[in-house]
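**Q**
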Amino acid sequence: MGVPKRKVSKARYRTRRMANRLHAPQTGRCANCGEACPPHRVCPHCGWYKGRQILTVEIKK
Ligand SMILES: [Zn+2]
5 MGVPKRKVSK
15 ARYRTRRMAN
25 RLHAPQTGRC
35 ANCGEACPPH
45 RVCPHCGWYK
55 GRQILTVEIK
65 K
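Positions in the sequence shown are counted from 1; adding 4 to them yields our numbering.
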């Protein structure tokens with residue numbers, strides 16, 4: 005059976021732990037309306053993606 009040759013240091017152990025943590029979702033900017041929206045997705049504010057209208061977003065009051 006494989007046995008670790010050295011003790012894993014606190015820093016190394018914690019660095020590995022941090023790689024598995026949860027990350028906050030990334031946000032980008034819409035090129036059309038400038039609102040914050042997730043990247044590589046249709047803008048939820050104006051319905052634009054890659055320079056053209058995809059969805060018709062109804063205006064909420
Ligand atoms: Zn937009």
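Each residue gets a CB set at the ideal place from its N, CA and C atoms; glycine is no exception.
Pro42 and Gly32 look like a contact to me (Cβ under 8 Å); what is the Cβ gap, rounded to whole Å?
**A** 7 Å
**Q** Taking 7 Å as the line, does the beta carbon of His49 fall inside it for any heavy atom of ligand 1?
**A** For His49, the shortest C-beta to heavy atom distance toward ligand 1 is below 7 Å.
**Q** What is the DSSP secondary structure of Arg16, counted as helix, strand or coil?
**A** helix
**Q** Leaving aside the five residues before and after Cys50 along the sequence, list all residues of the same chain whose C-beta is less than 7 Å from its C-beta, in chain order.
**A** Cys34, Asn36, Cys37, Val61
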